[in-house]
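In my numbering, the protein residues as written are 1 to 165.
A quick write-up on the structure given underneath.
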Amino acid sequence: MLTVRQAFETDCPLIRRLADEAFPATYCELLTPAQLDYMMEWMYSAESLREQFRTGHVWFIASSDGVPCGYVSVERQGEDLFHLQKIYVLPGFQGLGAGAFLFRRAVEYIRSVHPAPCRMELNVNRRNPALHFYERMGMRRLREGDFPIGNGYYMNDYIMGMEIK
Numbered sequence: 001m002l003t004v005r006q007a008f009e010t011d012c013p014l015i016r017r018l019a020d021e022a023f024p025a026t027y028c029e030l031l032t033p034a035q036l037d038y039m040m041e042w043m044y045s046a047e048s049l050r051e052q053f054r055t056g057h058v059w060f061i062a063s064s065d066g067v068p069c070g071y072v073s074v075e076r077q078g079e080d081l082f083h084l085q086k087i088y089v090l091p092g093f094q095g096l097g098a099g100a101f102l103f104r105r106a107v108e109y110i111r112s113v114h115p116a117p118c119r120m121e122l123n124v125n126r127r128n129p130a131l132h133f134y135e136r137m138g139m140r141r142l143r144e145g146d147f148p149i150g151n152g153y154y155m156n157d158y159i160m161g162m163e164i165k
């Protein structure tokens, strides 16, 4: 059975453990090992995670039969704009509906804090097979870009979006 709970700053070590497995598995064929290492430190170091919590990122952790299996984070970026910053499911739990479960929880959260119509966006690597998952969830491609993230690396992404009413 899938469950989800809001995460708190004390969950940073758990989020990092989940990311240590989920993030490289997602990108091992899309990014170099050096870029994977850079991005893991950039997004999932203890300092980075604490800063994300302190600046308003809201995190949720999914569990399958009590075992943590994935996470999602959402950040408000404007009056009527939210960004789905991260959504990952551990490889052994993919195909069980955990990704859709987390996605729907992110949308529910946004509706709870912003009952008026708004938009949720996310960045997805242009070669990431998860692109089709996001389209099935109701998102569409809005634009694309190559976004510098430091150390000479870029995120080669589509920006996808959906209206939340």
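Every residue, glycine too, gets a C-beta built ideally from N, C-alpha and C.
All of these numbers come straight from a predicted model, not from anything done at the bench.
Item                                                                                                                                                       : Value
Can you list, in chain order, the residues of its chain whose CB lies under 6 Å from that of L81, leaving out five sequence neighbours each side?          : R119
Short of 7 Å in beta carbon distance, which residues of its chain neighbour A98, apart from the five on each side in sequence? Order them along the chain. : L2, A62, S64, C69, G70, V89
Determine the contact status of M155 and M139, defining contact as a CB-CB distance below 9 Å.                                                             : no
Considering only DSSP beta bridges, list what M155 is partnered with.                                                                                      : F147
Can you tell me which of the three DSSP states A106 falls into?                                                                                            : helix
Check whether the region 49-60 and the region 102-116 touch, using three or more Cβ-Cβ pairs below 8 Å as the test.                                        : yes
Is the beta carbon of I159 less than 9 Å from the beta carbon of E135?                                                                                     : no
Do we get a CB-CB distance below 9 Å when we pair Y134 with the residues of chain D?                                                                       : You won't find chain D in this structure, because it holds only one protein chain.
With DSSP as the reference, identify every bridge partner of N123, one or two as the case may be.                                                          : I159
List the residues that DSSP assigns as beta-bridge partners of A62.                                                                                        : V4, G70
Give the DSSP bridge partners of H114, in chain order.                                                                                                     : In DSSP, H114 forms no bridge with anything.
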